[in-house]
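> Residue numbers (the numbering used here): 7 to 109.
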Amino acid sequence: MDGNDCQVCASEPSIGVAAVPGVPMSIAWGRRCLDENAIPQWIAESTHDQIGGDSAELAEWFLDQQTWVDGKYVSVRDHLAGRVPEDIYAGMDELPDGIERAD
Ligand SMILES: [Zn+2]
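#1: Starting from the Cα of Q13, find the closest Cα among W74, I105, K78, G28 and give me that residue.
#2: Let me check understanding here. Comparing Cα to Cα, which of A96, Y79, R83 lies closest to L64?
#3: Does the Cβ of I45 have 16 or more other Cβ atoms within 10 Å, making it buried, or fewer, making it exposed?
#4: Can you tell me whether A16 sits near ligand 1, meaning its C-beta is under 8 Å from at least one heavy atom of the ligand?
#5: Report the three-state DSSP secondary structure of A34 (helix, strand or coil).
#6: Nearest by alpha-carbon distance to H85: which of S20, G28, L101, F68 is it?
#7: Mind checking who T73 pairs with in its DSSP beta bridge?
#8: Taking the alpha-carbon of A16 as reference, which of D60, E66, I105, Y79 has the nearest alpha-carbon?
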């Protein structure tokens, strides 16, 4: 991957930079991933982790997007199904106010 590759799949050239829907960041997109309505796998997973790993708390439009996993497109819904979120607070002795450690 170099600076001109799609930041979703890293296997096609980017055609420009645009915002990730619902996420406060912009990335380089390739034509195929734009056409597939695909977002980066790490964004799907980190969003899932940030809301405590309950996909039912995610909007339908978010779950209906695609992501790129092991060389193919998979719906965010299917990718997150049954996934155990990482403990994003692992290693922290004290958690931020209002945050409870996952089981
Ligand atoms: Zn792509």
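Glycine is no exception: its CB is placed at the ideal position from the N, C-alpha and C atoms.
This is what the structure holds:
#1: Comparing Cα positions, the closest option is W74.
#2: R83
#3: buried
#4: Because some heavy atom of ligand 1 lies under 8 Å away, the Cβ of A16 counts as near it: yes.
#5: strand
#6: Of the candidates S20, G28, L101, F68, the one whose C-alpha sits nearest the C-alpha of H85 is F68.
#7: I45, V80
#8: The residue among D60, E66, I105, Y79 with its C-alpha nearest the C-alpha of A16 is Y79.
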